[in-house]
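Here the structure is laid out as structure tokens; the discussion comes afterwards.
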């Protein structure tokens, strides 16, 4: 069973990030997402998977924020999924960024290995290179606490131009969509992946697989 400790997560984050190469890299990997959390508490994210490929399911992810320092850094602990799906991620200390999206990417590339028989590091590299190249950017509105708040969305298709993607054709056009907002505690509103029924997908269209984690709430301790 995989166990990711705090220092291993730093290495794993580095495997995705190319700081300074693109806006999406800087927003995800260089930004202090936790600066708007000023007291210890728990963030809850809803996981949802709608799939025509295998079983759909829903679950929760909880991130505990503690030991908030004057620098804006905090200690994090995760309950990443529940029951038989729970993943054994250990606490992370002295963090400035919101690690929930990195853990979701870790989960995703290992799931790609399971689904395709490929090597998870191969998919990890493709995501890294796509982020380094830059992402499509959109301004979006997010419903939060009964009002609309402004957010930014970054979209990549890391496998679309891979000359070897015939080996995993079903997932060759997979989208990764990151939605962030400074109005949301921890700033990561949603990480979503879409496997389209074809080469392209637009919001509102059906997909073969629609998988996401979405911020639900923050409860002070």
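In our numbering, the protein residues as written are 139 to 359.
Where a beta carbon is used, it is the ideal one built from N, C-alpha and C, also for glycine.
A quick note: this is a predicted structure, and the numbers were derived from the prediction, not measured.
C-beta contact flag for residue 311 and residue 187 at 9 Å: By one-based count along the chain shown, residue 311 stands at place 173. By one-based count along the chain shown, residue 187 stands at place 49. Contact: no.
C-beta contact flag for residue 325 and residue 169 at 9 Å: Working through the chain shown from its first residue, we reach residue 325 at position 187. Working through the chain shown from its first residue, we reach residue 169 at position 31. It is a contact, given that the beta carbons lie within the stated cut-off.
Residue 198 CB to nearest heavy atom of the ligand ATP below 8 Å: With respect to the ligand ATP, the structure offers nothing, as it holds no ligand at all.
Of the listed residues 276, 255, 243 and 252, nearest to residue 263 (C-alpha basis): Position 125 of the chain shown, counted from the start, is the residue given in the question as residue 263. For residue 263, the nearest C-alpha among the options comes from 243.
Short Cβ contact (9 Å threshold) for residue 318 with residue 289: The residue you call residue 318 lines up with position 180 of the chain shown. The residue you call residue 289 lines up with position 151 of the chain shown. Yes, Cβ-Cβ distance for residue 318 and residue 289 is below 9 Å.
Coarse secondary structure for residue 149, derived from DSSP in three states: Taking the first residue of the chain shown as position 1, residue 149 is located at position 11. At residue 149, the pLDDT of 41 sits below 50, so the modelled position is not reliable and the matter cannot be decided from this model.
Pairwise C-alpha distance: residue 286 and residue 315: The sequence position of residue 315 within the chain shown is 177, counting from 1. The sequence position of residue 286 within the chain shown is 148, counting from 1. The alpha-carbon atoms of residue 315 and residue 286 are separated by roughly 20 Å.
Residues bridged to residue 347 [DSSP beta-bridge criterion]: The residue you call residue 347 lines up with position 209 of the chain shown. Partner(s): 189 and 333.
DSSP state of residue 322 mapped onto helix, strand, coil: Here residue 322 refers to the residue found at position 184 of the chain shown. Correct three-state label for residue 322: coil.
The stretch 211–229 contacting the stretch 181–199, beta-carbon criterion three pairs below 8 Å: yes
In DSSP terms, what residue 181 is bridged to: Position 43 of the chain shown holds residue 181. DSSP lists 201 and 356 as partners of residue 181.
Terminal residues of the beta strand (DSSP E) in which residue 279 lies: Walking along the chain shown from the start, residue 279 turns up at place 141. Counting along the chain, the beta strand (DSSP E) containing residue 279 begins and ends at 274–282.
Beta-carbon proximity of residue 205 to residue 178, cut-off 9 Å: Within the chain shown, numbered from 1, the residue matching residue 205 stands at position 67. Within the chain shown, numbered from 1, the residue matching residue 178 stands at position 40. A contact, by the Cβ cut-off of 9 Å.
Span of the alpha helix (DSSP H), counted from its first residue to its last, around residue 167: For the purposes of this step, residue 167 is taken as the residue at position 29 of the chain shown. Residue 167 -> no alpha helix (DSSP H), and no H or E assigned at all.
Where residue 139 falls: helix, strand or coil (DSSP): Position 1 of the chain shown, counted from the start, is the residue given in the question as residue 139. Note that residue 139 has pLDDT 39, beneath the 50 cutoff, so the model's placement of it is unreliable and the number below is only indicative. Coil, per DSSP.
Any alpha helix (DSSP H) of 4 or more consecutive residues that is wholly inside the stretch 204–257: 238–254
Host beta strand (DSSP E) of residue 312 (start-end): Here residue 312 corresponds to residue number 174 of the chain shown, with the count starting at 1. Segment: none, residue 312 is in no beta strand (DSSP E) and carries neither H nor E.
Collapsed DSSP secondary structure at residue 327 in the structure displayed: By 1-based counting over the chain shown, the position of residue 327 is 189. Three-state result, residue 327: strand.
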